[in-house]
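Take a look at the structure below.
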Amino acid sequence: MNKEFLIENVLGRKGKGESPEATEILNRLRKTEVDRPVVYIGAGTCGLGAGAGKVLKAIEQYIRDHNLQMDVIQVGCIGLCSAEPLMDVKLPGKNRISFRNMNAKGATAILENILEEKLPEDHILGQIGQPGQEEWKDVPQLKDHFFFAPQKRLVLENCGLIDPVCIEEYIAQGGYQALLNTLRTMDPAEVCGLIEKSGLRGRGGGGFPTGLKWKMANANQTDQKYLVCNADEGDPGAFMDRAVIEGDPHKLIEGMAIGAYAIGASKAYVYIRAEYPLAIERLDKAIKKAKEYGLLGENIFGSGFNLELVIKKGAGAFVCGEETALLHSIEGRRGMPRPRPPYPSDSGLFGKPTIINNVETFSNVAGIINRGADWFSNMGTEKSKGTKVFALSGRIANTGLVEIPMGTTVRDIIYKIAGGLSGEKKFKAVQMGGPSGGCVTEENLDIQIDYDSLLSVGAMMGSGGMVVMDESTCMVDVAMYFMDFIQRESCGKCIPCREGTRRMLEILESITTKPTNGHDTLHRFKGITQLEKLGDTIKDTSLCGLGNSAPNPVLSTLRWFRDEYETHVFERTCPAGVCQNLRLFSIDVDKCTGCTACVRKCPTNAIIGARKKPHFIVEDKCISCGSCLETCKFDAIVVS
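Residues in the sequence shown are numbered from -9 upward in steps of one, following this note's numbering.
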């Protein structure tokens, strides 16, 4: 009944408003009013990884054992990953209430008590206010929680709150109204103009104006055009696209449908990495439901607009995040970038005009159509409008997914939303933009989040990964990690990227390895100056954007932490104690018993001494493998 009713009375009313009958049904779909208890389990990838699957099974078993009439709904991630597994309970007439850090035993105990309206002393995260529902006494509102209060959730507004594969619930929240209003009242050029006026820029890294890109494709007159969503997020520490698709796939579908209409495309692709099985499963179900409701396919709601939406699984190559390599992969070819021009808006997929945007960009579109360009452009800074989703990870108290207005400072994200650092050590830097980005240091923490400000300090917005590091982190090691990643992921097509990144990695490895002869210090110092020259050359001469940005992590750490590089070179030590090959091993003669266990384990015969007498380590022979440290039972090995 819901399908026919929603099509006729909600989607088909052409802006006439809700009838009383429709309002009643929509409130039930929105779960504002329920006639029996509802349990929500945060079953995104992060929740399942934290044990939500066990909680889900325990709750379902409890319901069967007690013969209860109760609904159990799996939702996506609400963003506070550090509190997973999450469980919400909605009782008839009462606000929905959220509980954190659940396990199987604790969840069933809470459920047993809350059915009698008894609350536990701990595990309460907050209540979600709903119109006409009774509040829980002495329970704070979830929206006032320090993690959520500074956020402005547009892309993430439904994530963790609605059933991601239930199209009826998405429609009840106002979903697909933007698409239908677009088809009924706007021509493609008007849509492009509205998106351009809003100031929406691509959220995938470069920040190119979305409306302008759409206009260029719209102006091309051809028999076939394509729209592509780049969901191939490969940056270490980034999980925004995955979480959005797992939590609200219909928002992406609606935004893509509007974009396809705006440029005149009849076929669209979602290019998503195969390592996201849950996101793919939920997106596939959402696409099938949208087809069933006539929101995809032929002659959508009698408008004459046709759209086929296809999921294309990527094989996990980082280079396929670059748009031209991505198009090659969809075509069945090896994912390698090609020179531009021509740009994809002129000649893209199969040689036809093509527009590529990422998940977050498309997920902003419906809100702009519904609320207007001025609504969106009034948020953010002069050149960076709206909000931005970030994945917070690293040495912070609360890891997770946040959406903040452009212009928010990095300091506010780390210390207000994330709750500061997780340990006793001091803040050192935050890596932004992944392998293509750079570091923001303590002296720059008050910089605003926008495209231009971050570039001024050697970082970049990127897709939205933020990895927070404390003083236990070695910045030379961080640079080497990203350079190793880039070097392995380089497609190898152009020499600057293929050979240049390899040489940069070799220099970093030499800096973090103990010298073996007297000339090494000068050689290693020259390596630092070569890093800068190599980095500039790679940036200027690489074929694609990934190659152009490949040296950024090295150049950024050199800029802000040059003293660490020099310590590695001249003092041959790692201040953070991370670089194992620079560790200095010695023996405390007062503790050494001369048992010779370490002598037998040393692979380079670097330990000398007579049996039952104190032993010594020959520094020039020691390779800092640590086998002596693992072997010694008397704590006689000293590491510095």
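Glycine is no exception: its CB is placed at the ideal position from the N, C-alpha and C atoms. Quick caveat, the model's predicted, so the values are computed rather than measured.
Query raised in the report: Is it the case that the Cβ atoms of L144 and A247 are separated by a distance below 7 Å?
Result: no
Requested in this report: Check whether the region 236 to 247 touches the region 62 to 80, counting contact only when three or more Cβ pairs, one atom from each stretch, lie closer than 8 Å.
Outcome: yes
Query raised in the report: Helix or strand or just coil, what does DSSP make of K241?
Result: helix
Report task. Could you check if T212 is buried or exposed, using at least 16 other CB atoms within 10 Å of its CB as the buried criterion? Result -> exposed
Query raised in the report: Does the count of Cβ pairs from the region 382 to 396 and the region 209 to 225 closer than 8 Å reach three?
Result: no
Requested in this report: Pair every Cβ in the region 411 to 423 with every Cβ in the region 340 to 349, then say whether three or more of these pairs are closer than 8 Å.
Outcome: no
**Report entry** Opening and closing residue of the beta strand (DSSP E) in which R263 lies
**Finding:** K257 to R263
Report task. Evaluate contact between the region 473 to 492 and the region 575 to 589, counting only Cβ atoms and requiring at least three cross-stretch pairs below 8 Å. Result -> no
Query raised in the report: Looking only at its own chain, which residues have a Cβ that is under 7 Å from the Cβ of I607, when we skip the five neighbours before and after it?
Result: F575, S576, I577, A596 and I597
Requested in this report: With DSSP as the reference, please indicate the residues paired to D460 in a beta bridge.
Outcome: F417
Query raised in the report: Counting only runs that start and end within the region -6 to 81, where is the beta strand (DSSP E) found for 3 or more residues in a row?
Result: 28 to 32, 61 to 65 and 77 to 80
Query raised in the report: Where does T98 sit, in a helix, a strand or coil, going by DSSP?
Result: helix
Query - Presumed contact (8 Å Cβ cut-off) between I358 and F366, rounded CB distance - result: 5 Å
**Report entry** Three-state class that DSSP yields for G537 in the structure shown
**Finding:** helix
Report task. Grab the span of the alpha helix (DSSP H) containing A626 for me, first residue to last. Result -> Premise fails: A626 is in no alpha helix (DSSP H) and is neither H nor E.
Report task. Classify I152 as helix, strand or coil using the three-state DSSP reduction. Result -> coil
Requested in this report: Give the DSSP-derived three-state secondary structure of G448 in the structure shown.
Outcome: coil
Query raised in the report: In angstroms, rounded to a whole number, what distance separates the CA positions of N354 and T502?
Result: 44 Å
**Report entry** Same chain, Cβ closer than 7 Å to P121, five either side skipped, listed in chain order
**Finding:** T22
Report task. Compare the C-alpha of K425 against each of S293, P541 and R86 and name the closest. Result -> Looking at the sequence itself, residue 425 is Pro, so the reference to Lys does not match. The option with the nearest alpha carbon to P425 is P541.
Requested in this report: Would you mind stating whether S546 and G455 have Cβ atoms separated by less than 7 Å?
Outcome: no
Query raised in the report: Hey, how far is the Cα of D436 from the Cα of S293?
Result: 49 Å
Query raised in the report: Does at least one heavy atom of the ligand PLP sit under 6 Å from the Cβ of L268?
Result: Of ligands this structure carries none, so the ligand PLP is not represented either.
Query raised in the report: When the Cβ atoms of the region 128 to 135 are set against those of the region 32 to 48, are three or more pairs found closer than 8 Å?
Result: no
Query raised in the report: Taking the Cβ atom as the reference point for each residue, do I253 and A179 lie within a distance shorter than 7 Å?
Result: no
Query raised in the report: Exposed or buried, R86, counting other C-beta atoms within 10 Å across all chains shown (16 or more means buried)?
Result: buried
Report task. Assign N85 to one of three DSSP states: helix, strand, or coil. Result -> coil
Query raised in the report: In three-state DSSP terms, what is T398?
Result: coil
Query - Nearest candidate by alpha-carbon position, reference S480, set T527, S532, T175 and K523 - result: S532
**Report entry** Test item: CB-CB of A469 and V568 under 7 Å
**Finding:** no
**Report entry** Member of G397, D336, N210 and Q51 whose CA lies at the smallest distance from the CA of P140
**Finding:** G397
Query raised in the report: So which of V447, G423, Q438 and G525 has the shortest CA-CA distance to V458?
Result: G423
Query raised in the report: How would you write the range of the beta strand (DSSP E) that S576 sits in, first residue to last?
Result: F575 to I577
Query - DSSP bridge partner residues for F606 (one or two, in chain order) - result: I598
Query raised in the report: For P267, does the count of other Cβ atoms within 10 angstroms reach 16, so buried, or fall short, so exposed?
Result: exposed
**Report entry** Proximal residues to C534 (C-beta, below 6 Å), its chain only, five neighbours per side dropped
**Finding:** E312 and P327
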